[in-house]
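Note that my numbering gives residue 365 to position 309 of the sequence shown, counting from 1, and the numbers run on in steps of one.
Right, one structure below, let's go through it.
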Amino acid sequence: MGAAMAGAGTAIAYPLMKSVEAASEVQDQLHRLVNTLPAGAEGLRDLAQAQKAAADYSMRHAQSETDLLKALYLGTSAGLSMQASLAGMRDAAALATGVNGDLETVQRTLNLAYINFRDPSKTAAQNMQFLSDVMAKAAAAFDYKDVEELRSQLELAAPTALATGTSFKEMIVALADFTRHGLTGTMAGEAFEESLHGVLTMSQKLGIQTVRNASGGLDYVRSLEQIRNHFIGLYGSMNAIPVDVLKELQKTFGIRGIRALLLDPAEMATMRAQLMDVSGATQQFQRQMETAPSKQWAILLNNLTALEVVIGNALTPSLVSFGHALADAIGGVTRFAAAHPMFTKFLAVTAAIAAALFIVVGAIIAFVGGLTAAASFIGIGGATLAIIGAIGIAVALAGAAVVTFWRPLSGFFSSLWNGIKGVFTSFANFVKNWGLTILGFAVAPWAMLPIEIYRHLGEIKHAAESVAHAIARFFVGHSPIPEGPLHRLDLSREFARTLTPAPIIGAVRRVAIAAAIAAPMVAGAAAPASAAYREPGARHIAVTIHYHVNGGASDMSAEIEKHGRILARTIRRELEREARTDF
Numbered sequence: 057m058g059a060a061m062a063g064a065g066t067a068i069a070y071p072l073m074k075s076v077e078a079a080s081e082v083q084d085q086l087h088r089l090v091n092t093l094p095a096g097a098e099g100l101r102d103l104a105q106a107q108k109a110a111a112d113y114s115m116r117h118a119q120s121e122t123d124l125l126k127a128l129y130l131g132t133s134a135g136l137s138m139q140a141s142l143a144g145m146r147d148a149a150a151l152a153t154g155v156n157g158d159l160e161t162v163q164r165t166l167n168l169a170y171i172n173f174r175d176p177s178k179t180a181a182q183n184m185q186f187l188s189d190v191m192a193k194a195a196a197a198f199d200y201k202d203v204e205e206l207r208s209q210l211e212l213a214a215p216t217a218l219a220t221g222t223s224f225k226e227m228i229v230a231l232a233d234f235t236r237h238g239l240t241g242t243m244a245g246e247a248f249e250e251s252l253h254g255v256l257t258m259s260q261k262l263g264i265q266t267v268r269n270a271s272g273g274l275d276y277v278r279s280l281e282q283i284r285n286h287f288i289g290l291y292g293s294m295n296a297i298p299v300d301v302l303k304e305l306q307k308t309f310g311i312r313g314i315r316a317l318l319l320d321p322a323e324m325a326t327m328r329a330q331l332m333d334v335s336g337a338t339q340q341f342q343r344q345m346e347t348a349p350s351k352q353w354a355i356l357l358n359n360l361t362a363l364e365v366v367i368g369n370a371l372t373p374s375l376v377s378f379g380h381a382l383a384d385a386i387g388g389v390t391r392f393a394a395a396h397p398m399f400t401k402f403l404a405v406t407a408a409i410a411a412a413l414f415i416v417v418g419a420i421i422a423f424v425g426g427l428t429a430a431a432s433f434i435g436i437g438g439a440t441l442a443i444i445g446a447i448g449i450a451v452a453l454a455g456a457a458v459v460t461f462w463r464p465l466s467g468f469f470s471s472l473w474n475g476i477k478g479v480f481t482s483f484a485n486f487v488k489n490w491g492l493t494i495l496g497f498a499v500a501p502w503a504m505l506p507i508e509i510y511r512h513l514g515e516i517k518h519a520a521e522s523v524a525h526a527i528a529r530f531f532v533g534h535s536p537i538p539e540g541p542l543h544r545l546d547l548s549r550e551f552a553r554t555l556t557p558a559p560i561i562g563a564v565r566r567v568a569i570a571a572a573i574a575a576p577m578v579a580g581a582a583a584p585a586s587a588a589y590r591e592p593g594a595r596h597i598a599v600t601i602h603y604h605v606n607g608g609a610s611d612m613s614a615e616i617e618k619h620g621r622i623l624a625r626t627i628r629r630e631l632e633r634e635a636r637t638d639f
């Protein structure tokens with residue numbers, strides 16, 4: 057239920073959020089557009105007209121409302137009126153769709169052509185329509201990569217053509233012919249500019265009358281043909297022109313412009329004929345492209361976006377008000393946090409710790425939930441024993457079939473509920489006892505081994521103690537040993553039986569006698585000059601000492617003490633030697 061509620065909330069909130077986003081994008085373009093409109097009521101009317109036109113057009117065609125408003129901005133920012141901008145937007149959108157180009161680039165190109173080549177006798181819509189038709193036909197028939205390439209040529213060629221009165225069609229024919237012969241992009245514009253300058257210069261030098269078009273301007277193609285015919289008449293063909301004459305022509309026409317004299321007149325005539333009737337070319341190409349699935353899909357999305365914009369516009373005021381209130385609240389919290397840095401630090405640390413706990417606990421819950429989900433698909437024990445899991449599934453399905461088809465319907469739900477409880481109970485016991493252990497050994501034994509050792513540490517310790525006690529019963533404990541081959545052997549008694557006490561007792565007695573002899577001699581100067589000691593049941597030792605003392609009575613005591621220590625050491629060494637030989 058919680059997941060369903062969350063999903064429902066998301067399903068409602070997400071479209072509303074997308075609606076606000078779409079409306080915000082449109083509002084951004086409208087705010088940008090209003091800067092180019094007149095102030096006051098006229099500007100408001102133009103703005104409303106622009107928004108309605110862009111929305112209506114986007115719902116019928118493949119260009120989005122946002123892109124159309126950008127195109128309108130390009131028109132009004134270039135000095136065009138709203139009516140001219142609206143006409144340019146429609147024709148540019150149709151041309152961009154027809155030639156599969158970028159609307160912004162097409163709009164800039166169309167604006168450039170309109171500003172330089174519009175016919176004052178026609179309306180803005182008629183001018184835009186004618187110019188876009190010419191460009192559509194040229195882009196489709198004259199090997200242009202896209203409208204951007206044509207635009208780069210117009211930027212250089214248009215001012216010169218405008219100054220000489222060359223028509224838009226004548227300029228397009230010349231540029232297209234240069235493009236076909238390898239002078240693409242700006243190089244074609246430069247070639248047209250240089251060659252037009254050469255035509256005017258040669259007309260003055262040679263006195264060749266230039267050809268005029270219907271509007272009184274220079275007919276570039278026919279004037280160029282007049283100059284070419286002049287040199288063909290002099291030398292028989294353009295290829296027979298002397299080198300020095302060619303050098304002069306190159307200086308006059310320029311390095312690129314001289315190619316105009318080498319262009320095929322028949323080819324230029326054919327290209328010129330192709331542009332004679334261009335009426336409706338833009339809409340024709342647009343209709344053809346909009347039958348493609350991608351364009352149909354774009355139109356559908358534009359309609360959905362239009363709905364989102366309407367909803368978003370309705371929500372925007374409330375969201376803006378809420379945003380202001382929220383900004384004020386956040387500002388208050390910011391000021392409070394700045395005034396109480398220690399409290400803020402405490403809250404931040406607490407939040408970080410809580411977040412870490414939530415992550416860990418959430419991961420554990422997700423893991424347990426994953427095990428439960430896995431068990432629901434593969435049966436109890438399926439995480440480790442796939443065969444048992446398969447058997448469990450088969451048995452469960454068979455039981456469910458029997459209950460469903462053979463038992464009364466009233467007992468079906470009770471059995472099903474008991475079965476479900478049994479599954480979860482068994483799974484819980486399995487996970488509690490062995491599930492995690494087996495799963496851990498299957499996934500990462502090296503990681504689970506310490507855990508298992510710790511879990512069974514008591515059992516391992518008890519087993520080790522039992523083995524140690526069992527081994528000890530064969531060797532230690534008490535005498536006689538309770539188990540094993542030494543069971544009947546009394547070790548302490550046998551050890552005592554092997555001991556011979558006589559040497560030990562004799563050695564002890566001799567050490568005691570030596571100490572007894574040495575002690576009186578060290579004690580004072582009145583010790584007897586001779587003494588005899590008898591060892592019971594053995595020999596006797598007689599010691600005679602002669603003292604020779606030089607000096608007074610004060611030196612005698614120290615001398616006697618020194619000789620006593622010497623005597624004691626001598627007796628001790630002798631007794632130790634005899635004791636070693638006795639053993």
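Positions of the beta carbon are idealized from the N, C-alpha and C atoms, including for glycine.
These figures come from a predicted structure and were not determined experimentally.
Three-way DSSP call (helix, strand, coil) for Ser586 in this model: Below a pLDDT of 50, predicted positions are generally treated as unreliable, and Ser586, at 41, falls in that range; no measurement from the model is reported.
Span separating the alpha-carbon of Asp202 from that of Thr153: 12 angstroms
Which listed residue (Met398, Asn156, Ser271, His87) has its alpha carbon closest to that of Ser177: Ser271
As assigned by DSSP and simplified to three states, the class of Arg625: helix
Short Cβ contact (8 angstroms threshold) for Leu239 with Ala213: no
Under the three-state DSSP convention, the category Arg268 falls into: strand
Local Cβ density within 10 Å of Ile283, reported as buried at 16 or more and exposed below that: buried
Opening and closing residue of the alpha helix (DSSP H) in which Thr240 lies: No alpha helix (DSSP H) contains Thr240, which DSSP labels as neither H nor E.
Phe402 burial status per 10 Å Cβ neighbour count (16 or more: buried): exposed
Leu274 - DSSP class collapsed to helix/strand/coil: strand
Below-8 angstroms beta-carbon distance, Gly368 vs any chain B residue: Judged by its chain identifiers, the structure shown contains no chain B, having just a single protein chain.
Assigned exposure category for Gly368 - 16 Cβ within 10 Å defines buried: buried
Host alpha helix (DSSP H) of Ala381 (start-end): 349-395
Cβ neighbour criterion (16 or more within 10 Å) applied to Asn359: exposed
Selected residue, minimal CA-CA separation from Gly336, among Gly135, Ser188, Met145, Ala296: Ser188
Where the alpha helix (DSSP H) containing Leu136 begins and where it ends: Here Leu136 belongs to no alpha helix (DSSP H), and DSSP marks it neither H nor E.
Beta-carbon proximity of Glu211 to Gly245, cut-off 8 angstroms: yes
Contact between the segment 108-119 and the segment 344-359 (3+ Cβ pairs under 8 angstroms): yes
Residue environment, Leu142, which counts as buried when at least 16 other CB atoms sit within 10 Å: buried
Own chain residues within Cβ distance below 6 angstroms of Ala123, not counting five before or after: Checking the sequence shown, residue 123 turns out to be Asp, not Ala. The residues are Leu159.
Beta-carbon separation (whole angstroms), Ser208 vs Asn269, contact threshold 8 angstroms: About 25 angstroms separates the two Cβ atoms, so there is no contact after all.
Cutoff 6 angstroms; reference Phe393; Cβ partners in own chain excluding five residues on either side: The question names Phe, but residue 393 is Ala in the sequence shown. Hits under 6 angstroms: Thr400.
Ala214 (DSSP reduced to helix, strand or coil): helix
Tyr200, DSSP secondary structure in three states: coil
Buried/exposed call for Val255, threshold 16 Cβ in 10 Å: buried
Burial state of Glu249 (16 or more Cβ within 10 Å): buried
Exposure label - Thr132; buried when at least 16 CB within 10 Å: buried
Val405 - DSSP class collapsed to helix/strand/coil: helix
Span separating the alpha-carbon of Ser279 from that of Gly144: 33 angstroms
Glu77, buried or exposed, once every other Cβ within 10 Å from all chains shown has been counted against 16: exposed
Whole-angstrom distance between Ile627 and Ala588, CA atom to CA atom: Only weak support exists for where Ala588 lies, its pLDDT of 43 falling under 50; the value from the coordinates is given anyway. Rounded to the nearest angstrom, the two C-alpha atoms are 13 angstroms apart.
Simplified DSSP assignment, three categories, for Gly292: coil
Contained beta strand (DSSP E) runs [length at least 3] in the segment 94-131, N- to C-terminal order: none
Buried or exposed by the 16-neighbour rule on C-beta atoms within 10 Å, applied to Val301: exposed
Nearest neighbour of Glu81, chosen from Val334, Leu252, Ala362, Ile420 [CA to CA]: Ala362
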